[in-house]
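Here the sequence shown is numbered in numbering that gives the first Met the number 0, starting from 0 and rising by one per residue.
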Amino acid sequence: MALILMGEIEQVVAEIARVLSPGGVLACVVGAGPLGGEAYERFIGLLRSTIEELPASRRIPPLGDRRTRGREGLDGILGPAGFAAVDWETVPIDLSGPAEQVWASVSGLYDLGPLDRATMERLRAAFFAEVREMTAPDGQVPCTFRIHVATARLRERGRRGATGLVRPGCG
């Protein structure tokens, strides 16, 4: 489930709290951006520029609740539903490889459906031009981004009502 894409996040979290066993753990993966100076960072820059050039009717609207993209926001959403504070671990994801493989990886991370064929080809050509200078003699293109693994344990105290909220003192 892509928690960061959900609308009405409080209802979603209340339902998760309702079905999760007390003491159970909710785990989420949250994007943390590029490592820096590598192919993923170049791709993100090119993609943003490409999307900005599109007519508004062809752009992908922002999805989800921005609070789900950071530790404090997740704490603010999960806490009232009965979860303990979020634990946070940052993990690098290495997608390095030949340019064609890196392109397939990074372009597959996003919904590029609204881009027509010509726009996709321009994006692809721009990406290959951008990574040419960073390609190692063995043909490898460095491509690393980071994710945050967020985990929160459902508190065992109290009883959850129909809303999923913990009501201390209820047996």
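For each residue, glycine too, the CB sits at the ideal point set by N, CA and C.
Open item on the list: So, with DSSP's three-state summary, where would you put residue 59?
Closed with: Residue mapping note: residue 59 aligns to position 60 of the sequence shown, counting from 1. DSSP places residue 59 in coil when its eight states are reduced to three.
Open item on the list: Measuring only the C-alpha atoms, how far is residue 33 from residue 55?
Closed with: Here residue 33 corresponds to residue number 34 of the sequence shown, with the count starting at 1. Here residue 55 corresponds to residue number 56 of the sequence shown, with the count starting at 1. Going by the C-alpha atoms only, they are around 26 Å apart.
Task: Span separating the alpha-carbon of residue 81 from that of residue 153 - done: Here residue 81 refers to the residue found at position 82 of the sequence shown. Here residue 153 refers to the residue found at position 154 of the sequence shown. Rounded to whole angstroms, residue 81 to residue 153 spans 6 Å at the Cα level.
Open item on the list: Rounded to the nearest angstrom, what separates residue 29 and residue 11 at their Cα positions?
Closed with: By 1-based counting over the sequence shown, the position of residue 29 is 30. By 1-based counting over the sequence shown, the position of residue 11 is 12. Taking the straight line joining both Cα atoms gives about 17 Å.
TODO: Give every residue of the same chain whose Cβ lies closer than 6 Å to the Cβ of residue 72, excluding the five residues on either side of it in the sequence, and list them in chain order.
DONE: Taking the sequence shown and counting its residues from 1, the one referred to as residue 72 is at position 73. Excluding the 5 residues flanking it on each side, residue 72 has same chain C-beta neighbours closer than 6 Å at 66, in chain order.
TODO: List in chain order: all unbroken alpha helix (DSSP H) runs of 4+ residues lying wholly within the region 111-135.
DONE: Correct list: 116-131.
Task: Proximity to residue 86 [Cα-Cα], best of 19, 78 and 100 - done: Taking the first residue of the sequence shown as position 1, residue 86 is located at position 87. In terms of Cα proximity to residue 86, the closest of 19, 78 and 100 is 78.
Task: For residue 142 and residue 179, the rounded distance between their alpha carbons - done: The requested residue 179 does not occur in the structure, where the chain is confined to residues 0 to 170.
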